[in-house]
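Novice: Okay, here's the structure, questions in a sec.
Protein chains: 2
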Amino acid sequence: MLFLQMTISLTEENYIKAIFNLSNSNNIGVSTNSLSNHLKNKASSVTDMLKKLADKKLIHYKKYKGVLLTPKGEKIAINIIRKHRLWEVFLMEKLNFSWDQVHDIAEQLEHIKSDELIKRLDNFLGKPTLDPHGDPIPNEKGKFNEIKSMPLNECKILKEIIFIGVKNHTISFLKYLTSIGLGIGDRFRIEAINNFDNSYQIKVKKNNLVFLSNDLASNILVKIKNE
Amino acid sequence: MLFLQMTISLTEENYIKAIFNLSNSNNIGVSTNSLSNHLKNKASSVTDMLKKLADKKLIHYKKYKGVLLTPKGEKIAINIIRKHRLWEVFLMEKLNFSWDQVHDIAEQLEHIKSDELIKRLDNFLGKPTLDPHGDPIPNEKGKFNEIKSMPLNECKILKEIIFIGVKNHTISFLKYLTSIGLGIGDRFRIEAINNFDNSYQIKVKKNNLVFLSNDLASNILVKIKNE
DNA sequence: TTAAATTTTTAGACTTACCTAAATTTATTT
DNA sequence: AAATAAATTTAGGTAAGTCTAAAAATTTAA
Ligand SMILES: [Mn+2]
Ligand SMILES: [Mn+2]
Ligand SMILES: [Mn+2]
Ligand SMILES: [Mn+2]
């Protein structure tokens, strides 16, 4: 079979994105089960799709071994992520959505197919490098500007901190952070660490002290001021 | 079977939109063949879908009789058109696309599902009432602000004219109009009508005379100045 | 008003993207 | 090193949306 301009379905795009997101920096393949959990499809459905993606040379697939994206597959994944994050910026900056509302809409918008549209959207937004959750936006060539950060619960000393991202992107978590007055870019100070349960007390600007469980702190990505 | 929030697939949306666009002001049902031509699907496929849309109470369907939208179906159609035209305005006004580029991208964007998004987009654009092709944008309640216009080839007298819309939306037609310096809102004067082939000569602003075949003129919607 | 042409529907199949149930392979325990 | 458990694949099915070919209904023309 010959196809000059391979088309990739919305479903295939979502699988490719899932494989990308589940890939670790080490080169361990993504398991069928992890994809099954992530996409909420049965493992047998995942296997079907993996065969198809392998036929299209978008993934490396060997029965029972787990999968990795080919360079071609990775390029597609990164482009979808670029579109997703640019649309999130648009929704937040131009349409005044809050950071907990943008993801679900961007899940739809990321599948719109038009390179010209994304080029112009990028320009319109001033070529942003970070999305509303602090995640890097890959450039036109697919290059990520990696930001070094650590989860708050790895900070063991009382220091001035900058809040630069979230690990968890659920609406409830984002809304909670908003409710305690915490937004990307904010500076705060660790006032106390309870070494029984590793919970934190922080002081956000002029606000009162806020208590954070270790679980909460583990989903807050920070960097230490002046480091 | 019980469903509280009926979901309508992208394919169903396109059929509903097609039925709306092919419906005349008179109450003659839309034929299977006309839908088949418009959607470039076989008539048998159309029949299958009509049965499904009828089951969902979105159209009135009687075998061999042609179809009409129910009020519910019409509401859906108008909402899709509203979204399409708002996105066209966005693409043109904010992203500087030309009027011949916006339609194809809007065909994708019109299917994005989020009432909140459209409300905010509408506000962001300043609640426009016309799209880049001069077509009216229905308001949130689905009301069209009908503009009275006539095809240029129905003007039989030499008069000052305002160009307010196009009947044909193909890229080549729109590009041609651009090439002769004609855009929505422009004023021009009919300088001559050749009564052999009903072709027109018009003068656009300070430009030279432009020759328009009757076919071309029939796709240019105008109103007569001061009327 | 019958015959021919056209339109529309029905019947049966195919593809995509899912599913359940039953193998099969790989990993973990005794 | 078996036995058991877990992960993965295969086999067989379903629903949505398409198709071709054939039958039926409607329209048009003789
Ligand atoms: Mn997101
Ligand atoms: Mn994000
Ligand atoms: Mn359009
Ligand atoms: Mn338009």
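Quick mapping for you: the protein sequence lines, in order, are chains A and B. Take the first sequence: its position 24, counting from 1, is numbered 420 in the working numbering, and each next residue is one higher. Take the second sequence: its position 14, counting from 1, is numbered 410 in the working numbering, and each next residue is one higher. Even glycine gets a Cβ: it sits at the ideal position worked out from N, Cα and C.
1. Closer than 9 Å, Cβ to Cβ, to anything on chain B: give me those residues from the stretch 491-517 of chain A, in chain order.
2. Quick one: list the residues of chain A neighbouring B/F559, beta-carbon separation under 8 Å, in chain order.
3. Beta-carbon of A/F520 versus every beta-carbon of chain B: anything under 8 Å?
4. Taking only heavy atoms of ligand 4 into account, decide whether any of them is closer than 7 Å to the Cβ of B/P534.
5. How would you label A/Y596, buried or exposed, when you count the other beta carbons within 10 angstroms and need 16 or more for buried?
6. Apart from the five residues just before and just after B/D527, which ones in its own chain have a Cβ nearer than 7 Å to its Cβ?
7. Pop quiz: B/F416 and B/E503 are said to be a contact at Cβ under 8 Å. What is the actual Cβ separation, rounded to whole angstroms?
8. Relative to ligand 3, is the shortest distance from any of its heavy atoms to the C-beta of A/E587 smaller than 7 Å?
9. Between the Cα of B/G522 and the Cα atoms of A/E550, A/K490, A/P524, which residue gives the shortest distance?
10. With a threshold of 16 other CB atoms inside 10 Å of the CB of A/Y460, please say whether the residue is buried or exposed.
11. Can you tell me where the alpha helix (DSSP H) with B/S440 in it begins and where it stops?
12. Can you tell me which of the three DSSP states A/Q504 falls into?
13. Let me know the secondary structure DSSP gives A/E470 once reduced to three states.
14. I'd like the span of the beta strand (DSSP E) that includes B/N590, first residue to last.
15. In the DSSP assignment, find the beta strand (DSSP E) that holds A/S595 and state where it starts and stops.
16. Can B/A439 be considered in contact with ligand 3, in the sense that its beta carbon sits closer than 7 Å to one or more heavy atoms?
17. Between the C-alpha atoms of B/L605 and B/L517, what's the straight-line distance to the nearest angstrom?
18. For A/N423, which residues of its own chain have a beta-carbon under 8 Å away from its beta-carbon, when the five flanking residues on both sides are left out?
19. Measure how close the beta-carbons of A/K619 and A/I567 come, nearest whole angstrom, since I'm counting them as under 8 Å.
20. Nearest chain A C-beta to B/L554 closer than 8 Å, yes or no?
21. Nearer than 7 Å: is that true of the beta carbon of B/E556 relative to any heavy atom of ligand 1?
22. Taking just the CA atoms, how far does B/K453 sit from A/N564?
23. Looking at A/A473 and ligand 1, is the gap between the Cβ and the nearest heavy atom below 7 Å?
24. In the DSSP assignment, the alpha helix (DSSP H) including A/I567 goes from what residue to what residue?
25. Hey, B/L435 and B/V426: beta-carbon distance below 8 Å or not?
26. Between the C-alpha atoms of B/N651 and B/N594, what's the straight-line distance to the nearest angstrom?
27. Classify B/I477: buried if its beta carbon has 16 or more other beta carbons within 10 angstroms, exposed otherwise.
28. Is DSSP giving A/I455 helix, strand or coil here?
29. To the nearest angstrom, how far is it from the Cα of B/L570 to the Cα of B/W495?
30. I need the DSSP call for B/M402, collapsed to helix, strand or coil.
31. What are the residues that DSSP puts in a beta bridge with B/K619?
32. Would A/K599 and A/R585 be called neighbours here (beta carbons separated by less than 8 Å)?
33. Can you tell me whether A/M445 is buried or exposed? The criterion is at least 16 other CB atoms within 10 Å of its CB, across all chains shown.
34. Measure the Cβ-Cβ separation of B/T525 and B/N541 and say whether it is below 8 Å.
Specialist: Here's the rundown:
1. Flagged, chain order: L491, N492, F493, Q497, D500, I501, Q504, L505, H507, I508, K509, S510, E512, L513, R516, L517.
2. As a first step, residue 559 of chain B is located in the second sequence; it is residue number 163 there, counting from the start. What B/F559 touches in chain A: nothing, since even the nearest Cβ is about 26 Å away.
3. Locating residue 520 of chain A in the first sequence gives position 124, counting from the first residue. Yes, its Cβ sits closer than 8 Å to a Cβ of chain B.
4. As a working note, residue 534 of chain B is residue 138 in the second sequence. No, ligand 4 has no heavy atom inside 7 Å of this Cβ.
5. By one-based count along the first sequence, residue 596 of chain A stands at place 200. Per the 10 Å Cβ criterion, buried.
6. Taking the first residue of the second sequence as position 1, residue 527 of chain B is located at position 131. These residues qualify, in order along the chain: R481, E484, V485, I533.
7. As a position in the second sequence, residue 416 of chain B is number 20, starting the count at 1. As a position in the second sequence, residue 503 of chain B is number 107, starting the count at 1. No, B/F416 and B/E503 are not in contact; Cβ-Cβ is about 15 Å, not under 8 Å.
8. The residue labelled residue 587 of chain A in the question sits at position 191 within the first sequence. No, since every heavy atom of ligand 3 falls outside the 7 Å radius drawn around the Cβ of A/E587.
9. By one-based count along the second sequence, residue 522 of chain B stands at place 126. The option with the nearest alpha carbon to B/G522 is A/K490.
10. Residue 460 of chain A sits at position 64 when you count from the first residue of the first sequence. Under this definition A/Y460 is an exposed residue.
11. Stepping through the second sequence from its first residue, residue 440 of chain B is reached at position 44. Note, B/S440: alpha helix (DSSP H), 439-451.
12. The count along the first sequence starts at 1 and reaches residue 504 of chain A at position 108. Three-state result, A/Q504: helix.
13. Numbered from 1 along the first sequence, position 74 holds the residue referred to as residue 470 of chain A. Assignment of A/E470 by DSSP, reduced to helix, strand and coil, places it in the helix class.
14. Numbered from its first residue, the second sequence carries residue 590 of chain B at position 194. Where B/N590 is concerned, the enclosing beta strand (DSSP E) stretches over 583-590.
15. As a first step, residue 595 of chain A is located in the first sequence; it is residue number 199 there, counting from the start. Here the beta strand (DSSP E) through A/S595 covers 595-600.
16. Here the question's residue 439 of chain B lines up with position 43 in the second sequence. No; taking the cut-off as 7 Å, the Cβ of B/A439 has no heavy atom of ligand 3 nearer than that.
17. Counting from 1 along the second sequence, the entry for residue 605 of chain B is found at position 209. Counting from 1 along the second sequence, the entry for residue 517 of chain B is found at position 121. B/L517 has its alpha-carbon roughly 40 Å from the corresponding atom of B/L605.
18. As a first step, residue 423 of chain A must be located in the first sequence, where it is residue number 27. Correct list, in chain order: L464.
19. Against the first sequence, residue 619 of chain A aligns to sequence position 223. Against the first sequence, residue 567 of chain A aligns to sequence position 171. Their Cβ separation, rounded to whole angstroms, is 25 Å, which puts A/K619 and A/I567 out of contact at 8 Å.
20. Counting from 1 along the second sequence, the entry for residue 554 of chain B is found at position 158. No Cβ of chain A is located within less than 8 Å of the beta carbon of B/L554.
21. Residue mapping note: residue 556 of chain B aligns to position 160 of the second sequence, counting from 1. For ligand 1, not one heavy atom lies less than 7 Å from the Cβ of B/E556.
22. Working through the first sequence from its first residue, we reach residue 564 of chain A at position 168. Working through the second sequence from its first residue, we reach residue 453 of chain B at position 57. When rounded, the distance between both Cα atoms is 42 Å.
23. Numbered from 1 along the first sequence, position 77 holds the residue referred to as residue 473 of chain A. No, the beta carbon of A/A473 sits no closer than 7 Å to any heavy atom of ligand 1.
24. Here residue 567 of chain A corresponds to residue number 171 of the first sequence, with the count starting at 1. Per DSSP, A/I567 belongs to the alpha helix (DSSP H) from 567-575.
25. As a working mapping, residue 435 of chain B is identified with position 39 in the second sequence. As a working mapping, residue 426 of chain B is identified with position 30 in the second sequence. It is not a contact, given that the beta carbons lie outside the stated cut-off.
26. Absent from the structure is residue 651 of chain B, since the part of chain B shown begins at 397 and ends at 623.
27. In the second sequence, the residue the question calls residue 477 of chain B occupies position 81. Counting Cβ neighbours within 10 Å, B/I477 comes out buried, since at least 16 surround it.
28. Locating residue 455 of chain A in the first sequence gives position 59, counting from the first residue. Of the three classes helix, strand and coil, the one that applies to A/I455 here is strand, per DSSP.
29. Walking along the second sequence from the start, residue 570 of chain B turns up at place 174. Walking along the second sequence from the start, residue 495 of chain B turns up at place 99. Their Cα atoms are separated by approximately 7 Å.
30. Taking the second sequence and counting its residues from 1, one reaches residue 402 of chain B at position 6. Three-state DSSP puts B/M402 in coil, outside helix and strand.
31. Residue mapping note: residue 619 of chain B aligns to position 223 of the second sequence, counting from 1. DSSP output for B/K619 lists B/I558 as bridge partner(s).
32. Translated into positions along the first sequence, residue 599 of chain A becomes position 203. Translated into positions along the first sequence, residue 585 of chain A becomes position 189. Against a cut-off of 8 Å, the Cβ pair of A/R585 and A/K599 comes out as a contact.
33. Taking the first sequence and counting its residues from 1, one reaches residue 445 of chain A at position 49. The residue is buried, with at least 16 neighbouring Cβ atoms inside 10 Å.
34. Counted from its first residue, the second sequence places residue 525 of chain B at position 129. Counted from its first residue, the second sequence places residue 541 of chain B at position 145. Cβ atoms of B/T525 and B/N541: closer than 8 Å.
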